[in-house]
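To keep things clear, I will list the structure first and then write my remarks on it.
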Amino acid sequence: MFESYKQNDQWAQRLSADMERKGQQVIDANKASGAAILKQGEEAQNARNRQQKAFNDQQKSSFAASQAADKAKMDAMHSGALQTEQMSLNQGTYVDPKTGKTTVTTNQYNHVWQAGDGTTLHTNDVTYDPNGRDNQTWTELQVTIPK
220 MFESYKQNDQ WAQRLSADME RKGQQVIDAN KASGAAILKQ GEEAQNARNR QQKAFNDQQK
280 SSFAASQAAD KAKMDAMHSG ALQTEQMSLN QGTYVDPKTG KTTVTTNQYN HVWQAGDGTT
340 LHTNDVTYDP NGRDNQTWTE LQVTIPK
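The numbering used here numbers the first residue of the sequence shown as 220 and each following residue consecutively.
In structure tokens form, the structure reads like this:
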């Protein structure tokens, strides 16, 4: 019976070509599926990276706001302590409106003048102006809150 069997070469070639084509289709499908899985994984990782960055930015912003609030609280406490100290010592903080320089001196007078050399002059006379009375230029200082 096997002796009467004769292989059809055309059929064998066709079968071989069909199997090769089917195999290549499976390989191509696996490559496409793998590429899709990689792309999906990359997109998911990018989404996680964006979420992490947004979280980090929010944490950074929250920390900065907390630090600013703490600094404002400490500055207010410090200013309050300085005001209390100056009040108990009958002192005040004055600022030169031209230079922004501050000076601490007695608060027992309504007007405080300062010369270029740092000398201060105190008076309750609203009309008094020391300019032109000596060789110095005097500036009337303004009361300010200590910082």
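All C-beta atoms, glycine included, are put in the ideal place defined by N, C-alpha and C.
Since we're looking at a predicted model, the values are computed, not measured.
Exercise. Can you tell me the Cα-Cα spacing of Ser285 and Thr346, whole angstroms?
Worked result: 49 Å
For this session: Have a look at Tyr313 and Val331 and give me their C-alpha separation to the nearest angstrom.
Result: 8 Å
Exercise. Looking at the unbroken alpha helix (DSSP H) that takes in Val245, where does it start and where does it end?
Worked result: 228-307
For this session: State buried or exposed for Leu360, treating a residue as buried only when at least 16 other CB atoms are found within 10 Å of its CB.
Result: buried
Exercise. Expressed to the nearest angstrom, what Euclidean distance is found between the alpha-carbon atoms of Ala334 and Glu304?
Worked result: 26 Å
Exercise. Between the beta-carbon of Thr321 and the beta-carbon of Thr363, is there less than 8 Å?
Worked result: yes
Exercise. Taking C-beta to C-beta, are Lys317 and Thr358 nearer than 8 Å?
Worked result: yes
For this session: Over the uninterrupted beta strand (DSSP E) stretch that includes Val314, give me the two end residues.
Result: 310-314
Exercise. Terminal residues of the continuous beta strand (DSSP E) containing Leu340?
Worked result: 339-342
For this session: Rounded to whole angstroms, what's the CA-CA distance from Ala266 to Ala295? Just pull it up for me.
Result: 43 Å
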